[in-house]
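Numbering (our numbering), first residue to last: 78 to 165.
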């Protein structure tokens, strides 16, 4: 069970990295300040498969909006399912 838990944690952290990279790319390409908080729709084009493919493995709804809080470009995104262990 511990290996499965660690794999889920790693998958979520990798998703958080993807979200942060998408935020950075969005801000760069759209001349946005780092204090701007992009919407999920803003990030759709910067994530392979869009936000529909990015969710925490602990999220039974498999929904981006239920899994992650995007936050401003200058702040890390957070996991809504396990913010203690799933963080950048």
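Glycine is no exception: its CB is placed at the ideal position from the N, C-alpha and C atoms.
Which of the three DSSP states, helix, strand or coil, is assigned to residue 155?
-> strand
Could you pull out every residue in the same chain whose Cβ sits closer than 8 Å to the Cβ of residue 153, ignoring the five residues on either side in sequence?
-> 93, 97, 164, 165
Let me know the secondary structure DSSP gives residue 132 once reduced to three states.
-> Correct three-state label for residue 132: coil.
Using only alpha-carbon positions, find the residue among 137, 127, 112, 133 that is nearest to residue 149.
-> Taking the Cα of residue 149 as reference, the smallest distance to any Cα among 137, 127, 112, 133 is reached at 112.
Residues near residue 102 by beta carbon distance below 8 Å, same chain, minus five either side = Only 123 meet the Cβ criterion.
What does a CB cutoff of less than 6 Å around residue 133 pick up in its chain, not counting 5 residues either side in sequence?
-> 89, 144, 156, 158
Would a C-beta distance cut-off of 8 Å place residue 100 and residue 115 closer than the cut-off?
-> yes
Can you grab the Cα-Cα spacing for the pair residue 109 / residue 119, in whole Å?
-> 12 Å
List the endpoints of the continuous alpha helix (DSSP H) containing residue 93.
-> 79 to 106
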